[in-house]
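**Student:** In my numbering, the protein residues as written are 1 to 303. Where is the CB? At the ideal position from N, CA and C, for every residue including glycine.
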Amino acid sequence: MDRHVVVGVDGTVASLAAAHWAAREAQRRGVPLRLVHVWQWSARPAASVPLGTTQVGWATQTLDGAVGSVRAAHPGLQIDRQLVKADSTVAALAEEAADADLMVLGSHGLGGFAGFVLGSVSQRVVARSSYPLVLVRAGQASAGEHLPAADGVSPEEIPETPYRDVVLGLDTRRPCDELIEFAFESARRRDATLHAIHVYSASSELTEDSRPEPVPGPELLAAQERTVVATLRPWCEKFPGVPVVETVAEGRVTAELVRASTGASLLVVGRRTRDGRLGNHIGPVTHAVLHHVGCPVAVVPHG
1 MDRHVVVGVD GTVASLAAAH WAAREAQRRG VPLRLVHVWQ WSARPAASVP LGTTQVGWAT
61 QTLDGAVGSV RAAHPGLQID RQLVKADSTV AALAEEAADA DLMVLGSHGL GGFAGFVLGS
121 VSQRVVARSS YPLVLVRAGQ ASAGEHLPAA DGVSPEEIPE TPYRDVVLGL DTRRPCDELI
181 EFAFESARRR DATLHAIHVY SASSELTEDS RPEPVPGPEL LAAQERTVVA TLRPWCEKFP
241 GVPVVETVAE GRVTAELVRA STGASLLVVG RRTRDGRLGN HIGPVTHAVL HHVGCPVAVV
301 PHG
């Protein structure tokens, strides 16, 4: 398999922001970028298709526009393009994700990737993908990934402007190697600090199993902190150049992750893969942060 980053584009502002984020990520990884536009023939063309333009012609123009924008901003990057006619946009994008190092999608828009609340293409791709996927909101730009530069100079003018933190949502009861490694690698590529967040509930810790647990309060907090340190220790040894900050808090996971990701360059969360009568699921925490977090969110599936 040829290594590459793939991004789905649909002509929306959010998908264009995702395409430029994916281009920067491809450069960080040193791999090519593939832009994919999936279109479906319809007996009643969408209102967005101009009169006198065929559906395949409009699909080609949509892809050409995204490719041209990305090439202009990243002239040294190898860019491939893929126009896909398919009955299912979700299935086509999931197939593209299976062949890539990483898939990137926009999380807002008026087209195929619109609104999580209504059950968008993006949400369904996240729910069924077995590979890491990043959701990028409209308005995300290179400057948002970096700390403010001195005297208002943009990060594009000073490439060494430090990146903002990478935030990892960590569950020490079910630590996942794929998730932790993705977060450390992301921080390493950016030369950024990794901020690991573990949130616990005293009541759940006391009833998790029959083992005796410290009583709620300082003792339980200290025990949680020790567990976080132990969980991350082998990864800190594997990535000695990545500074790590650990935060342990009692409360609501979503609220703490949203708070920590304010001003971050990337939030990394997991999605437990499972099959059931209702199909694949994103999970309540991941679903919630996709609603409320402003920075790009990486969703890493794991068993």
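1. For a test of the three-state rule: what should DSSP assign to Arg252, helix, strand or coil?
2. Here's the rule I'm using: 16 or more other beta-carbon atoms within 10 Å means buried, otherwise exposed. How should Thr89 be labelled?
3. To which residues does DSSP link Glu246 through a beta bridge?
4. Nearest CA to the CA of Ala92: which residue from Gln40, Gln61, His291 and Leu194?
5. Label Arg270 either buried or exposed according to how many other C-beta atoms from any shown protein chain fall within 10 Å of its C-beta, with 16 as the threshold for buried.
6. Just tell me which of Val67, Ser122 and Pro301 has its CA closest to the CA of Leu135.
7. Only counting the same chain, and skipping five residues up and downstream in sequence, which positions put a Cβ closer than 7 Å to that of Ser349?
8. May I ask you to report which of helix, strand or coil DSSP gives Trp235?
9. Can you tell me whether DSSP reads Trp39 as helix, strand or coil?
10. Can you grab the Cα-Cα spacing for the pair Arg34 / Ala255, in whole Å?
11. With DSSP run on the structure shown, which of helix, strand or coil describes Val282?
12. For Val289 versus Val300, is the C-beta spacing smaller than 8 Å?
13. Here's the rule: buried if 16 or more other CB atoms are within 10 angstroms of the residue's CB, otherwise exposed. What is Val125?
14. For Glu178, I'd like the list of residues in its chain whose CB is within less than 6 Å of its CB, leaving aside the five on either flank, ordered along the chain.
15. For a quick check, are the C-beta atoms of Val36 and Val5 less than 8 Å apart?
16. Identify whether Leu77 lies in helix, strand or coil by the three-state DSSP scheme.
17. Can you tell me which of the three DSSP states Gln82 falls into?
18. Are the beta-carbon atoms of Ala19 and Val9 separated by less than 8 Å?
**Tutor:** In short, the structure shows the following:
1. coil
2. buried
3. Ala196
4. Gln40
5. Looking at the sequence shown, residue 270 is not Arg but Gly. That one is buried.
6. Ser122
7. In the structure as shown, the chain begins at 1 and stops at 303. Residue 349 is therefore absent and cannot be evaluated.
8. helix
9. strand
10. 35 Å
11. Here residue 282 is Ile; the residue named in the question, Val, does not match the sequence. Ile282 falls in the coil class under three-state DSSP.
12. no
13. buried
14. Val300 and His302
15. no
16. coil
17. strand
18. yes
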